[in-house]
Structures are given as C-alpha cells and as structure tokens.
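Chains as they are written, first to last, in the working numbering: chain A, 320 to 495; chain B, 320 to 495.
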C-alpha cells in the first residue's frame, strides 16, 4: 500500500515536471540547425548578461548577449580562446521607439525591444574538436517559434565571424 | 600537527574568500544614497535580464535592466503591482560605435557599450511600507566607483516615474 502511494507520488511529480518543461521542450523539439546540429538550449533566457548592442542598418535591432556559466567565467577572467563548453546566446528584438516613455520625456528619446525578427535567437557553441573546421565554434539561429535557419544562412556565420580571430571569433566584449 | 594543517587550510580559504569579496564590499561600503538609504546590492550583475534599451538625447546610453528573483517571477507572471522584495537594477553604458565591428561589416552599423556614465547604476526597490511616500518604491543611483548620487538628483526619480503609475511606476517591459 505504502509502495503504491509512493508510486502515485512519483507519477504525479513526473507529470508536473513534464508539464513544466513542455513549452521549452516544444521549442527545442522543433529541430536542430543544419550543418552544426545545434538545438535551442533550455533555460538560455536565465543565463547571465555579457553585453547589449544596437545593430543599425538592415538589422536595426536591440540585442542582449547572454552566456552560460562557462562563458561568463571565461569572460570575467579574460580567458582567450574560450574553453570548450562555452555557449553564447544572442537574443534580438526590433529597435522601436517607446511612445509611452517618450510621452513622459516630452521627446523621442527612448528606444526599446519590439517584435522578434527572423534572426531572434542565435547561439555560438565552443567545441574545438567537433567544430574544428569552423574555428572551434558551432553556430545556430532560430526564429521566435524555434524554427531553425536554413543551410544557406548558416553557411554565412563562420565567414562573417572569421575576421575577429584575435577575439576567438566572438564580436562581443564583456560590459562591466 | 594535523589540526594545525587544517587551521592553515582554513586561514588560506578565508583569505581567498576575503580577497574575492573585496571589490564588491569596497563598492557597497561607499555608502547609501540619501533619502532612500539604499546601498549597492552585492551580486546584482549576476541577476537575470528583464530587457535592454537605448536612450538617446542627453543620456545617449545603452542599458540593460536586470531583476532579482522576485522581480523576474513577477514579470513572467505579469503580476502588477510588483510584490515587496522586488529589486530592479539598471546598468547603463555610453552608446558608442564599434570601430572593430564596423570594419567587418563595411559600414557604421554596430553600437556597443562604452565607458560608464555618471548614472551607471540604478536600483528600484519595492517596499510598500518603507517607501509609501514614493509609490512603494525606493530609488538609488551610483556612479561606476559606487559613489551614491546626491539628494537633489534622487528627488527627481519619483516625479519622473509617477506618470507610469499604471505600470506600478516601472518603465521597462519584459523582453521575451
């Protein structure tokens, strides 16, 4: 009887865990990107902040760059190249004026995150063996629904990052 | 002999801990802001991201808005007003072009965090009793060296935030 009660508790806990994880898994299960085989990392939105940026031009987005624990430690210690296990996440939102804020300030000064663009979420994953052909980094991009970018898009990542070889292919500096 | 060795290890560990904590304590000990009596919260730089923004005009900064666990939970649950214990941290850096990045892109498109301005670090602290006179919020501002802003400056916080009463005096929305 007692073992059956324990079994029921275990089932209930498991069901809770599955229900809790569902939204994240749902997105991650959308699939991996071509070439690098990277899926969305669950919990990336809870990672610590590396820096922020505004990309003008065609992109015109506001972005936050987050890192897993390995990334944050390497950044804070100024360690280059980044060690295997480093994962950098980049979230982008359209760069839009905040009408609400500007009403308070009495002028158009406040720009905030708008809708997620097609290049909403990107990852750089360091694995010097697995991704030897691309400087030790795997690259990934997903839209807001978790849909991976196509192969043509992913082929542009490494060539664009290659010029910053002195910074181990990473554009972003740590913002203190 | 063995106990003495243990003692030496304990002293070494303690020294390491003190050395590690020194920069944070040093800054926090600079003092509290006038009116609200708030000091810098240790570990705020590890808090999770709420959003990012670009303030143009006189400020012209890039900023990250971080929250403690209470803040993040309230934001994700859409809870308004924010519960007591909410702390929101705002870090700002001067908005500067990245010459390095722009060289890669072939045009001036990349703007990144530069030097910390005088308004480097701000906090909003929810305590509906303690800060009843200012909508339940305490306000604080520090420069990059942890020096608190003066009383005249701190008197400007509440009047500026008051117009966004419908959002419990908080300008920032959560960026998903």
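Even glycine gets a Cβ: it sits at the ideal position worked out from N, Cα and C.
Since this is a predicted model, take the numbers as computed values, not measurements.
Does the region 462-479 of chain A come close enough to the region 350-361 of chain A that 3 or more CB-CB pairs lie under 8 Å?
-> yes
Buried versus exposed, by CB contacts within 10 Å (16 or more), residue 288/A | For chain A, the structure presents residues 320 to 495; residue 288/A sits outside this window and is missing.
Alpha carbon to alpha carbon, how far is residue 440/A from residue 484/B? Give it in angstroms, no decimals.
-> Counting from one through the second chain, the residue named residue 484/B turns up at place 165. Counting from one through the first chain, the residue named residue 440/A turns up at place 121. Those two C-alpha atoms are separated by around 33 Å.
Where the region 412-444 of chain A meets chain B: residues whose CB sits under 9 Å from a CB there | 412, 414, 417, 419, 420, 422, 423, 424, 426, 427, 428, 429, 430, 431, 432 and 435
Among 454/B, 460/B, 408/B and 448/B, nearest to residue 387/B - alpha-carbon criterion = In the second chain, counting from the first residue as 1, residue 387/B sits at position 68. Considering only alpha carbons, the answer is 408/B.
Can you have a look at residue 455/B and say buried or exposed, based on whether 16 or more other CB atoms are within 10 angstroms of its CB?
-> As a position in the second chain, residue 455/B is number 136, starting the count at 1. The residue is buried, with at least 16 neighbouring Cβ atoms inside 10 Å.
Can you list the residues of chain B that residue 361/A reaches, using a CB-CB cut of under 7 Å?
-> In the first chain, residue 361/A corresponds to position 42, counting from 1. Those within 7 Å of residue 361/A in chain B number zero; the least Cβ separation is about 15 Å.
Curious, which full-length alpha helix (DSSP H) runs of at least 4 residues does the region 360-445 of chain A contain?
-> 388-395 and 418-424
Buried or exposed for residue 350/B, please, with buried defined as at least 16 other CB atoms from any protein chain shown within 10 angstroms of its CB.
-> Residue numbering aside, residue 350/B sits at position 31 when the second chain is read from its first letter. By the 10 Å Cβ count, residue 350/B comes out exposed.
For residue 477/A, the three-state DSSP class (helix, strand or coil) | The sequence position of residue 477/A within the first chain is 158, counting from 1. Three-state result, residue 477/A: helix.
Can you give me the Cβ contacts of residue 399/B inside the same chain, cut-off strictly under 6 Å, excluding the 5 residues immediately before and after it?
-> Walking along the second chain from the start, residue 399/B turns up at place 80. So the list reads 487, once near-sequence residues are dropped.
Does any CB atom of chain A fall closer than 7 Å to the CB of residue 336/B?
-> Position 17 of the second chain, counting from 1, holds the residue named residue 336/B. Reliability fails at residue 336/B, whose pLDDT of 42 lies under 50, so the model's placement of it is uncertain and no value is given.
Per-residue contacts from residue 490/B into chain A (C-beta, under 7 Å) | Working through the second chain from its first residue, we reach residue 490/B at position 171. Correct list: 420.
Determine the closest residue to residue 354/A out of 477/A, 481/A and 493/A, with distance taken between C-alpha atoms.
-> Stepping through the first chain from its first residue, residue 354/A is reached at position 35. Considering only alpha carbons, the answer is 477/A.
Got a sec: is the Cβ-Cβ distance from residue 376/B to anything in chain A below 7 Å?
-> Within the second chain, numbered from 1, the residue matching residue 376/B stands at position 57. Yes, residue 376/B lies at the interface with chain A (some Cβ there is under 7 Å from its Cβ).
What residue does the beta strand (DSSP E) around residue 461/A start on, and which one ends it?
-> One-based indexing of the first chain puts residue 461/A at position 142. Residues 456-461.
Determine the direct distance from the alpha carbon of residue 383/A to that of residue 461/A, and round the result to whole angstroms.
-> If you number the first chain from 1, residue 461/A lands on position 142. If you number the first chain from 1, residue 383/A lands on position 64. Approximately 15 Å, taken between the alpha carbons.
Grouping DSSP H, G and I as helix and E and B as strand, with all else coil, what is residue 353/B?
-> Taking the first residue of the second chain as position 1, residue 353/B is located at position 34. Reduced to three states, the DSSP call for residue 353/B is coil.
Residue 409/A CB to nearest chain C CB: under 7 Å?
-> As a matter of chain content, chain C is missing from the structure shown, whose protein chains are A and B.
Residue 413/A beta carbon less than 7 Å from that of residue 436/A | Your numbering for residue 436/A matches position 117 in the first chain. Your numbering for residue 413/A matches position 94 in the first chain. Yes; because the gap between Cβ atoms is below 7 Å, this pair is in contact.
Pick from 494/B, 470/B and 404/B that is closest to residue 447/B, judged by C-alpha positions = Reading the second chain from its first residue, position 128 is the one you call residue 447/B. Looking at the Cα atoms, 404/B is the closest of the given residues.
What residues of chain B sit near residue 365/A, judged by a beta carbon separation below 7 Å?
-> Within the first chain, residue 365/A is the residue found at index 46, counting from 1. What residue 365/A touches in chain B: 367.
Among the residues of its own chain, which have a CB less than 7 Å from the CB of residue 416/B, if the five just before and after it don't count?
-> Reading the second chain from its first residue, position 97 is the one you call residue 416/B. Counting only Cβ-Cβ distances below 7 Å, and skipping sequence neighbours, we find 427, 429 and 430.
State the Cα-Cα distance for the pair residue 423/B and residue 370/B, rounded to the nearest angstrom.
-> Counting from one through the second chain, the residue named residue 423/B turns up at place 104. Counting from one through the second chain, the residue named residue 370/B turns up at place 51. Residue 423/B and residue 370/B have their C-alpha atoms some 27 Å from each other.
My understanding is that residue 444/A touches residue 406/A, with C-beta atoms under 8 Å, so please give their C-beta distance in whole angstroms.
-> As a first step, residue 444/A is located in the first chain; it is residue number 125 there, counting from the start. As a first step, residue 406/A is located in the first chain; it is residue number 87 there, counting from the start. Yes, residue 444/A and residue 406/A are in contact; Cβ-Cβ is about 5 Å, under 8 Å.
For chain A, is any of its Cβ atoms less than 7 Å away from the one on residue 389/B?
-> Indexing the second chain from 1 puts residue 389/B at position 70. No, residue 389/B lies away from the interface with chain A (no Cβ there is under 7 Å from its Cβ).
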